[in-house]
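**Student:** Going by our numbering, the sequence shown opens with residue 28, and the numbers climb by one from there.
One structure, as structure tokens, below. Some questions next.
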Amino acid sequence: MKWFKMMSDNLDDPFIQDLICEFGGDGYLCFFGLISLIAKENRKTLTGEASFSPRFLKQKLHISPTKVEQMLTFCSTKGKLMYTFSGEMFN
């Protein structure tokens, strides 16, 4: 799995451009916000599992759970992350 350096060149990445074209700034916020939350859950490591409730993600990202799921599906189909949603938790 390829992770992105938090540098100024991430806006040049084709995946990030596709994400922004599809979801606007919310796509960028969701992707990098989730990376930040996952790293925090896993003590600065991005290669781990994390679980978040829809309410928690709405509070942190200010994006509806439905929209978060749409963005996660987009990212998943592009091979950038894997997730499941049980209706109660995003894993």
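Ideal Cβ positions, reconstructed from N, Cα and C, are used throughout, including at glycine.
With 16 other CB atoms within 10 Å as the buried threshold, where does C48 fall?
**Tutor:** What you label residue 48 is simply residue 21 of the sequence shown in a count that begins at 1. C48 comes out exposed.
**Student:** Assign L46 to buried or exposed, taking buried as 16 or more other Cβ atoms, counted over all protein chains shown, within 10 Å of its Cβ.
**Tutor:** Taking the first residue of the sequence shown as position 1, residue 46 is located at position 19. Answer is buried; the Cβ neighbour count reaches 16.
**Student:** Considering Cα atoms alone, identify which of K105, C57, F101, P92 is closest to S113.
**Tutor:** Taking the sequence shown and counting its residues from 1, the one referred to as residue 113 is at position 86. Comparing Cα-Cα distances from S113 to each of K105, C57, F101, P92, the minimum goes to P92.
**Student:** For I43, collect the residues of the same chain with a Cβ closer than 6 Å to its Cβ; drop the 5 residues on either side in sequence, then sort them by chain order.
**Tutor:** Counted from its first residue, the sequence shown places residue 43 at position 16. The answer, listed in chain order, is N37.
**Student:** If you follow the alpha helix (DSSP H) that I90 is part of, which residue opens it and which one closes it?
**Tutor:** Mapped onto the sequence shown, residue 90 falls at position 63. Note, I90: premise wrong, no alpha helix (DSSP H); not H, not E.
**Student:** On the CB-based measure, 16 or more other CB atoms within 10 Å of its CB, does M98 come out buried or exposed?
**Tutor:** If you number the sequence shown from 1, residue 98 lands on position 71. It counts as buried.
**Student:** Do the CB positions of L56 and I90 come within less than 9 Å of each other?
**Tutor:** Along the sequence shown, read from residue 1 onward, the residue named residue 56 stands at position 29. Along the sequence shown, read from residue 1 onward, the residue named residue 90 stands at position 63. The Cβ-Cβ distance between L56 and I90 falls below 9 Å.
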